[in-house]
Amino acid sequence: MATYNKRGYKPAKEKEEKLDNNFIEDVNVDEKDSATAKAFDTLDQTASRTEDFVAKNQKYILGGLAIIALVTIGYLLYQRFIAEPSQEEATDELFVAQQNYQKAVDASVPKSQDSLFNLVIKGSDGKLGVIGIADQYSGTDAANLANYYAGVSYLNLKKYDDAIKYLEKFSSKDAVIGSEAIGLIGDAYSQKNDAKKALEFYVKAARNTTNELTTPVFLMKAGKTALSLGNKADALTYFTEIKEKYEATPEAQTIDGLIGMAQ
-10 MATYNKRGYK PAKEKEEKLD NNFIEDVNVD EKDSATAKAF DTLDQTASRT
40 EDFVAKNQKY ILGGLAIIAL VTIGYLLYQR FIAEPSQEEA TDELFVAQQN
90 YQKAVDASVP KSQDSLFNLV IKGSDGKLGV IGIADQYSGT DAANLANYYA
140 GVSYLNLKKY DDAIKYLEKF SSKDAVIGSE AIGLIGDAYS QKNDAKKALE
190 FYVKAARNTT NELTTPVFLM KAGKTALSLG NKADALTYFT EIKEKYEATP
240 EAQTIDGLIG MAQ
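The numbering of the sequence shown is our numbering, which starts it at -10 and goes up by one.
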């Protein structure tokens, strides 16, 4: 006897598998819904704790924000009404001192130089000297530059301790003038017959930046100072560096003789 499958008929086993799958899917959905609910509960709890914290510490939070705002406003007001006008005043005061400094550098008569360097330090024509500018306008660029002029002026006037004092206050990112100021401190110590300190600053000046203007100059001074201290090995190092790296500079023209002395 022949049997026929009715259209749409599925075996009982297949129906059972479908029911099982539906059950698993329902369980997974329930689990996802449960995890989502837990996540929202956690967020609600966190938000609630945050609100409680803000409520309890509102005065402190607002106070902290107020302090930050006051500091910011204070800084802007300081820059606008104190720092900028001070810089302008200091620059104006420094102009006459700069003119006297240039005249002193260009002068060929020592007595005239000394007189002009004193004007640089003390002031003239109703304007402050560099010492007054450095003190009165401390923190400005003009005051920083005034320290440099003061140091060089005192060095030329043979007041070496004062020269060191003001040159050490000066700072510059400029490759040449920054290294030069350090090297001038070495010159001041050299004039004080303190060769060890002089050597320290000559080396520091040479290593401050690498350029053909200042580096070979202070390597040369470092080498000669090391040689005077009997430290031939270091002197040879400095002299050899000039020969190998700065052969086109004036210092390299006589370096072979110095290398021979250091060997």
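Glycine included, every Cβ here is placed at the ideal spot set by N, Cα and C.
This one's a predicted model, so the numbers in the text were calculated from it and none came from an experiment.
When DSSP states are grouped into helix, strand and coil, GLY112 belongs to the strand group. Annotation for GLY121: GLY112 place their beta carbon closer than 7 Å to its own, counting only its chain and skipping 5 residues before and after.
In the same chain as TYR143, and ignoring 5 residues on each side of it, the C-beta atoms closer than 6 Å to its own belong to ASP151, ALA152, in chain order. Under the DSSP assignment, GLU189 falls in the alpha helix (DSSP H) whose first and last residues are 184 to 197.
At least 8 Å separates the beta-carbon of ALA211 from that of TYR235. With fewer than 16 other Cβ atoms inside 10 Å of its own Cβ, LEU202 counts as exposed. Taking 8 Å as the cut-off, the beta carbon of ALA224 is found no closer than this to the beta carbon of ALA241.
Comparing alpha carbon positions, the residue from ASP130, ALA184, ALA187, SER179 closest to SER160 is ASP130. The three-state reading of DSSP puts LEU117 in strand, counting E and B together.
With contacts defined as CB atoms closer than 8 Å, SER168 and ASN136 fail to qualify as a contacting pair. With contacts defined by Cβ atoms closer than 8 Å, LEU208 and ALA222 do not form a contacting pair. One Cα belongs to THR229, the other to LEU218, and the distance between them is close to 18 Å. In the three-state DSSP reduction, GLN252 falls in the coil class, being neither helix nor strand. The straight-line gap separating the alpha-carbon atoms of PHE106 and ALA79 is approximately 19 Å. Taking 8 Å as the upper bound for CB-CB distance, THR214 and ALA187 are in contact here, some 5 Å apart. Secondary structure at PHE159: coil, using DSSP grouped into helix, strand and coil. Straight-line spacing of the CA atoms in LEU173 and ALA93 works out to 17 Å. At a Cβ-Cβ threshold of 8 Å, LYS193 and ILE166 do not count as neighbours. Around the beta carbon of GLY140, 16 or more other beta carbons sit within 10 angstroms, so the residue counts as buried. Listed in chain order, the non-local C-beta contacts of ALA132 below 7 Å within the same chain comprise ALA79, ILE122, ALA123, TYR126, local neighbours out to five positions each way being set aside.
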